[in-house]
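Accompanying notes for the structure given below.
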Amino acid sequence: RFQNKGVKNMADDQGNQDSLRQFVADECKAQATERSDVENPENVTLDAERMNNFYQRALRESERMSNEVTRSHMQRSELHKELGADMFKSWTQDHAQEVLSSERYELWSKEEEKAEEALKQLKNSSICEDESSDDASH
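Here this note's numbering is used: the first residue of the sequence shown is 58, the next is one more, and so on.
Shown next as structure tokens:
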């Protein structure tokens, strides 16, 4: 579903990167431990170097992809502001009709309507809260 989600929270991105970094490190350690039990000591040093190179490449690629996703979100947000929500909604509906089966399109359309209604209710409730806080200050 294509909606303007805005730019993701940078703390979320950092948390994802930290968890990926930890996962890769844990996997590398586990593989190194398994191999050290099986192989001779000369190969362990070479494998550790290869694993370190792989680890560094994986982290660089992950960071590159994360930056690309962030950049994409920013571009989409800018286009959304520039062209408007109605234009994006129209494009999304056209695209969904082209790529989804009629049953899936109907399901998608109903979910979009629910999401739109929930967003309206959220906006209305925050407007009411803003007005009540303004009243309290007078």
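Cβ coordinates follow ideal geometry from the N, Cα and C atoms, glycine included.
- Ranking Arg133, Leu77, Glu155 by CA distance to the CA of Ser123 puts Leu77 first.
- According to the DSSP assignment, Ser147 belongs to the alpha helix (DSSP H) that extends over 142 to 156.
- About 13 Å separates the beta carbon of Ala105 from that of Ala82, a gap too long to meet the 8 Å contact definition.
- As the crow flies, the alpha-carbon of Gln132 is around 10 Å from that of Lys138.
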